[in-house]
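Novice: Mind looking over this structure? Questions follow.
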Amino acid sequence: MMCRMRLICYGISFHETTLSEREPMVFTASQQRHILRAIHREPQIHEGLALCTCNRTELYLYTEAAVDTEAFVRRLIAELNPKGLDVWRHHHYIYEGIAAVEHLFRVAAGLDSQMLGENQILRQVKDAYSASIEEGTSRFFLHRLLHCTFRAAKSVRTRTDINTGAVSISAAAVELAAEQVHLPGATVILVGAGENAALAATHLVKRGIGQLQVISRTLDSAAELCARLKTGRPHTLEALPELAGRADLILCSTASEKPVLTAADYAYLFSQRTEPVVIVDIAVPRDVDPELAQIDGVRLFNIEDLDRQVQTNLQRRGAQIPEAERLIADHVQRYHQWLDSLNIKDVVSELVRTYRALARSEVQRYGGQFDPAQREVLERFAVSLVKKVLHGPICYLKQSAQDERVWDQLQAAELIRKMLLETERKGRS
């Protein structure tokens, strides 16, 4: 039996879309859980992973070969945000089979990132995998695929300089801010206390900023980040209007679905400033109303303004790409070989071939101690013993090949291959 399972990846990313186009397709953590639960309920989809970052939204689905999953994906998008359907229709991409494997390996290694070689994406892939385990959508295939993905990403990062000096979106945001504001001694407001915000704060503190005001939806989360940084004062969002008028830099990175700084609430405040405030918005969806950029007292930047840093990184790290791609290709080939090893007919043939050869080898080894008649009996005994030893495993494999439970078939093939073939090879080496 050939493996009937098919891996398919649906996605949109910064390659095909603008920031405003992607925003309806950026899903919150609870929405990602909704996606995974929908996958779990769908009988024709056996496994699934949802990867949602500020630069990409991707679904990796394992189904049987003939299943059409695109209607399922469209239905999910319509449930979560109908505005995303138009973006999806015009900009989504599809990878299937080994092409999807290669794409995931490249994503996790940072080769498909806006910031080439950035490390944050690997953590995001690991988080997506953890969520899929918790929701029961990662099983036989995704377990193997994701562990191979992590090995491929580690290989690229340790055997090349692709991430030497690499910057995340957060670090690039601080670089951009440093071009606009003299950071040493500056008064900075950080809106948000999540992963991106924490990374940005770390870079800001290293640059010797003066005052750091950390604002979050809850005081506890702001206080926790201040404790980790060993500096800063925690506040809730209610304090933002009062603090914003005195800040040199405001860096926004929340998970809010609506703008935190709106033109209606802040246009007058910022227009009264004697010195402009620099606002860097790295949230998706955006935390800052784009209309604020029209105010004389505001210099507003968002993720798309980081493109200059992206191009610099690409030029600096371009020499590392060929070796990184070679390593990815090697790991893709290993994964492909593993898939091939799950072909039950091939496992049966290899079992018979390997153990008959082993029997002949043992007969030759000891046959010299017997006369011709006894040697013939020994040969028949060896062949008969091999048949009897392999009868149970082969029957189990053939029976599982008729089973509709795909994981039973494939786990049987992998288990027997490991027990009887790999162990035997190690014994000979």
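Start counting the sequence shown at 0; every next residue gets the next number (the working numbering). C-beta: ideal position from N, C-alpha, C; glycine also. These numbers come from a predicted model, not from an experiment.
1) Quick check: residue 253 and residue 235, are their CB atoms within less than 8 Å of each other?
2) For residue 392, tell me which candidate among 212, 363, 148, 351 has the shortest Cα-Cα distance.
3) Quick one: Cα of residue 148 to Cα of residue 389, how far?
4) Given a threshold of 16 other Cβ atoms within 10 Å of its Cβ, counted over all protein chains shown, does residue 311 qualify as buried or as exposed?
5) Write down the C-beta distance between residue 48 and residue 137 rounded to the nearest angstrom, noting that I regard them as a contact closer than 8 Å.
6) For the beta strand (DSSP E) that residue 301 lies in, which residues bound it at each end?
7) Roughly how many whole angstroms lie between the Cα atoms of residue 39 and residue 133?
8) Please classify residue 5: does DSSP put it in a helix, a strand, or coil?
9) Three or more C-beta pairs closer than 8 Å, one from the stretch 73-86 and one from the stretch 94-104: is that the case here?
10) Can you have a look at residue 53 and say buried or exposed, based on whether 16 or more other CB atoms are within 10 angstroms of its CB?
11) Label residue 29 either buried or exposed according to how many other C-beta atoms from any shown protein chain fall within 10 Å of its C-beta, with 16 as the threshold for buried.
12) Would residue 307 and residue 179 qualify as a contact pair, given that the criterion is a beta-carbon distance under 8 Å?
13) At the level of alpha carbons, what is the spacing between residue 240 and residue 265?
14) Where does the unbroken beta strand (DSSP E) through residue 55 begin, and where does it stop?
15) Whole angstroms are fine: how far does the CA of residue 337 sit from the CA of residue 191?
16) By the DSSP assignment, the alpha helix (DSSP H) with residue 83 in it spans what residues?
17) Quick check on the DSSP output: the beta strand (DSSP E) that includes residue 122 runs from which residue to which?
18) Are there 16 or more other CB atoms within 10 angstroms of the CB of residue 91, so buried, or fewer, so exposed?
19) With a threshold of 16 other CB atoms inside 10 Å of the CB of residue 443, please say whether the residue is buried or exposed.
20) If you check the beta carbons only, do residue 242 and residue 188 fall under 8 Å apart?
21) Quick check on residue 324: does DSSP put it in helix, strand or coil?
22) Are the Cβ atoms of residue 160 and residue 319 separated by less than 8 Å?
23) Bridge partners of residue 374, per DSSP?
24) How is the alpha helix (DSSP H) around residue 173 delimited, first residue to last?
25) Go ahead and pull the three-state DSSP assignment for residue 44.
26) For residue 88 and residue 305, what's the separation of their Cα atoms in angstroms?
27) Buried or exposed: residue 184, going by 16 or more other Cβ atoms within 10 Å of its Cβ?
28) Between the Cα of residue 245 and the Cα atoms of 269, 229, 257, which residue gives the shortest distance?
29) Under the rule that 16 or more other beta-carbon atoms within 10 Å means buried, what is residue 376, buried or exposed?
30) Can you name the residues that DSSP bridges to residue 190?
31) Please state if the CB of residue 127 and the CB of residue 50 are separated by a distance shorter than 8 Å.
32) Roughly how many angstroms lie between the CA atoms of residue 202 and residue 196, to the nearest whole one?
33) Kindly indicate the opening and closing residues of the beta strand (DSSP E) around residue 232.
34) I'd like to check one pair, residue 18 with residue 303: are the Cβ atoms closer than 8 Å?
35) According to the Cβ coordinates, are residue 280 and residue 251 closer than 8 Å?
Specialist: In this structure, then:
1) Counting from 1 along the sequence shown, the entry for residue 253 is found at position 254. Counting from 1 along the sequence shown, the entry for residue 235 is found at position 236. With respect to the 8 Å criterion, residue 253 and residue 235 are not classified as neighbours on the basis of their beta carbons.
2) The sequence position of residue 392 within the sequence shown is 393, counting from 1. When each option's Cα is compared against that of residue 392, the closest is 351.
3) Position 149 of the sequence shown, counted from the start, is the residue given in the question as residue 148. Position 390 of the sequence shown, counted from the start, is the residue given in the question as residue 389. Taken atom to atom, the span from the alpha-carbon of residue 148 to that of residue 389 is near 34 Å.
4) The residue given as residue 311 occupies position 312 in the sequence shown. Here residue 311 is exposed, its C-beta having fewer than 16 other C-beta atoms within 10 Å.
5) Along the sequence shown, one-based indexing puts residue 48 at 49. Along the sequence shown, one-based indexing puts residue 137 at 138. The pair is a contact, with the Cβ atoms about 7 Å apart (cut-off 8 Å).
6) For the purposes of this step, residue 301 is taken as residue 302 along the sequence shown, with counting starting at 1. It spans 297-301 - the beta strand (DSSP E) in which residue 301 sits, taken as one unbroken run.
7) Residue numbering aside, residue 39 sits at position 40 when the sequence shown is read from its first letter. Residue numbering aside, residue 133 sits at position 134 when the sequence shown is read from its first letter. Roughly 11 Å separates the two Cα atoms.
8) For the purposes of this step, residue 5 is taken as the residue at position 6 of the sequence shown. For residue 5, the secondary structure class from DSSP, reduced to helix, strand or coil, is strand.
9) Because the criterion of three Cβ pairs below 8 Å is not met, the stretch 73-86 and the stretch 94-104 do not touch.
10) Sequence index remark: in the sequence shown, residue 53 carries index 54 (1-based). Classification of residue 53: buried, given that the 10 Å Cβ count is 16 or more.
11) Stepping through the sequence shown from its first residue, residue 29 is reached at position 30. With fewer than 16 other Cβ atoms within 10 Å, it is exposed.
12) Within the sequence shown, the letter at position 308 stands for residue 307. Within the sequence shown, the letter at position 180 stands for residue 179. No, the pair does not count as a contact, with Cβ atoms beyond the cut-off.
13) By 1-based counting over the sequence shown, the position of residue 240 is 241. By 1-based counting over the sequence shown, the position of residue 265 is 266. So the two alpha carbons sit approximately 7 Å from each other.
14) For this step, residue 55 is matched to residue 56 along the sequence shown. Per DSSP, the unbroken beta strand (DSSP E) holding residue 55 starts and ends at 55-63.
15) Against the sequence shown, residue 191 aligns to sequence position 192. Against the sequence shown, residue 337 aligns to sequence position 338. Rounded to the nearest angstrom, the two C-alpha atoms are 43 Å apart.
16) Here residue 83 refers to the residue found at position 84 of the sequence shown. Start and end: 83-90.
17) Residue numbering aside, residue 122 sits at position 123 when the sequence shown is read from its first letter. That residue, residue 122, is in no beta strand (DSSP E); its alpha helix (DSSP H) goes 119-133.
18) Reading the sequence shown from its first residue, position 92 is the one you call residue 91. A residue is called buried once 16 or more other Cβ atoms fall within 10 Å of its Cβ, and residue 91 is buried on that count.
19) Lying outside 0 to 428, the shown extent of the chain, residue 443 is not represented and no answer is given.
20) Here the question's residue 242 lines up with position 243 in the sequence shown. Here the question's residue 188 lines up with position 189 in the sequence shown. Between residue 242 and residue 188, the C-beta spacing is below 8 Å.
21) As a first step, residue 324 must be located in the sequence shown, where it is residue number 325. Reduced to three states, the DSSP call for residue 324 is helix.
22) Within the sequence shown, the letter at position 161 stands for residue 160. Within the sequence shown, the letter at position 320 stands for residue 319. Using a Cβ distance threshold of 8 Å, residue 160 and residue 319 count as a contacting pair.
23) Within the sequence shown, numbered from 1, the residue matching residue 374 stands at position 375. Looking at the DSSP assignment, residue 374 forms no beta bridge with any residue, so it has no partner.
24) The residue you call residue 173 lines up with position 174 of the sequence shown. Looking at the DSSP string, the run of the alpha helix (DSSP H) that includes residue 173 is 168-179.
25) Position 45 of the sequence shown, counted from the start, is the residue given in the question as residue 44. Here residue 44 sits in strand by DSSP.
26) Numbered from its first residue, the sequence shown carries residue 88 at position 89. Numbered from its first residue, the sequence shown carries residue 305 at position 306. Cα to Cα, residue 88 sits roughly 27 Å from residue 305.
27) Start at 1 with the first residue of the sequence shown, and residue 184 comes out as number 185. By the neighbour-count criterion, in which 16 or more other beta carbons inside 10 Å mark a residue as buried, residue 184 falls on the exposed side.
28) As a first step, residue 245 is located in the sequence shown; it is residue number 246 there, counting from the start. Ranked by how close their Cα comes to the Cα of residue 245, the residues 269, 229, 257 have 269 in first place.
29) Here residue 376 corresponds to residue number 377 of the sequence shown, with the count starting at 1. Residue 376 is exposed by the Cβ-count criterion.
30) Here residue 190 is taken as the residue at index 191 of the sequence shown, counted from 1. Per DSSP, 214, 251.
31) Stepping through the sequence shown from its first residue, residue 50 is reached at position 51. Stepping through the sequence shown from its first residue, residue 127 is reached at position 128. In this structure, the beta-carbon distance from residue 50 to residue 127 falls below 8 Å.
32) Counted from its first residue, the sequence shown places residue 202 at position 203. Counted from its first residue, the sequence shown places residue 196 at position 197. So the two alpha carbons sit approximately 10 Å from each other.
33) Counting from 1 along the sequence shown, the entry for residue 232 is found at position 233. Where residue 232 is concerned, the enclosing beta strand (DSSP E) stretches over 232-235.
34) Counted from its first residue, the sequence shown places residue 303 at position 304. Counted from its first residue, the sequence shown places residue 18 at position 19. With contacts defined by Cβ atoms closer than 8 Å, residue 303 and residue 18 form a contacting pair.
35) As a first step, residue 280 is located in the sequence shown; it is residue number 281 there, counting from the start. As a first step, residue 251 is located in the sequence shown; it is residue number 252 there, counting from the start. Residue 251 sits close to residue 280, with the two beta carbons spaced by under 8 Å.
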